[in-house]
Amino acid sequence: MFRVGLSGALIADQDQHWEGSNRHYVNDAYIRSVYGAGAAPLIIPVTDDRDVIDSILDVCGGIILTGGVDISPLAYGEEPIRGLGRLSPQRDEFELLLFRRALERSYPIFGVCRGMQLVNVALGGTLYQNIEDVPEFTIQHVQQACRQAVTHHVDIEDDSYLIKALGETCLVNSWHHQAIKDLAPGLRVTARSRDGLIEAVESDSPGMPPIVCVQWHPEELTSTVPGMAKLFRNFVVLCKDRTS
Ligand code: MN
């Protein structure tokens, strides 16, 4: 079965018998979305060992960079501001390495939420550390509704990978307090919310593998919004085309 790698995260167990022990995890919604797209998900543990990453990439056809905590602003040359959220330096180091190795090997990459921000930072772009501090972003991007609810529109660019699955406009969920500020070279913006915030980017350079990134959480919507399931199916097809 065709395999897709998913970047894992670390979480400290709260259970009394295991308190303080770390676990490597990926949310169930990603796992189910990859199953639904007809591929086998493979969780990539947090590691700084390039050989471990390479040997896992050997058996995958593409990777999904998953959502999570904020990226350290030191990675894009800024000091942390008061509105910055929680960080995971270990995960930053892991995913920057994973991204670079996947890029060098021309693997298709699907970035979700933090995953999109990571791609932008890895390629030399910057982030708004806290969009609450930016007056023009007036839409509520940390929705006060369950993750499966769709709460704001995004408008999608012509000739984009996204438009094939989602059409010109769609409703998305929103669970982010950061966003792309300066777009990295090699990327193009393919969707924005109506306050102008960047909600999706794709690779736009002949030397690059296909990279598709969204700021929302499509994995939470695959059973309710057909276009979101299609996004995962199209990604698996992209990975298969690349390896065949
Ligand atoms: Mn949003």
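This note's numbering applies: residue 183 is where the sequence shown begins, and numbers increase by one.
Where a beta carbon is used, it is the ideal one built from N, C-alpha and C, also for glycine.
Query, Result
"Whose beta carbon lies closer than 7 Å to any heavy atom of the ligand MN, going through the chain in order?", "321, 323, 334, 354, 356, 358, 375, 379, 381, 397 and 398"
"If we count the other Cβ atoms within 10 Å of its Cβ and call it buried at 16 or more, is residue 241 buried or exposed?", "exposed"
"Can you tell me where the alpha helix (DSSP H) with residue 411 in it begins and where it stops?", "408-425"
"Can you list the alpha helix (DSSP H) stretches of 4 or more residues lying completely in the region 198-273, in chain order?", "210-218 and 232-239"
"Taking the beta strand (DSSP E) that residue 300 belongs to, which residues open and close that run?", "That residue, residue 300, is in no beta strand (DSSP E); its alpha helix (DSSP H) goes 296-304."
"Give the DSSP-derived three-state secondary structure of residue 292 in the structure shown.", "strand"
"With a threshold of 6 Å on Cβ separation, who are the neighbours of residue 400 within its own chain once the five nearest residues in sequence on each side are excluded?", "410 and 413"
"Just verifying my parser: in three-state terms, what is the DSSP assignment at residue 348?", "helix"
"Between 359, 366, 355 and 286, which has its C-alpha nearest residue 232's C-alpha?", "286"
"Assuming residue 336 contacts residue 381 (C-beta within less than 8 Å), just tell me the rounded distance between them.", "5 Å"
"When we look at the beta-carbon of residue 367 and count the other beta-carbons within 10 Å, is it buried (16 or more) or exposed?", "exposed"
"Which same chain residues, not among the five before or five after residue 403, have their C-beta less than 6 Å away from its C-beta?", "410"
"Hey, residue 250 and residue 226 are a contact pair by Cβ (cut 8 Å); roughly how many whole angstroms apart?", "Going by Cβ atoms, the distance from residue 250 to residue 226 rounds to 13 Å, so no, they are not a contact pair."
"Are residue 257 and residue 417 close, meaning C-beta to C-beta below 8 Å?", "no"
"Can you list, in chain order, the residues of its chain whose CB lies under 8 Å from that of residue 263, leaving out five sequence neighbours each side?", "255, 311, 312 and 315"
"Contact check, residue 243 vs residue 422 under 8 Å by CB: the rounded distance?", "6 Å"
"Would you decide whether residue 358 is buried or exposed? Buried here means 16 or more other CB atoms lie within 10 Å of its CB.", "buried"
"Do residue 239 and residue 305 have their beta-carbon atoms positioned less than 8 Å apart in this structure?", "no"
"Using 8 Å as the threshold, is the C-beta distance between residue 291 and residue 375 below it?", "no"
"Using CA atoms only, rank isn't needed, just tell me which of 267, 259 and 353 is closest to residue 333.", "353"
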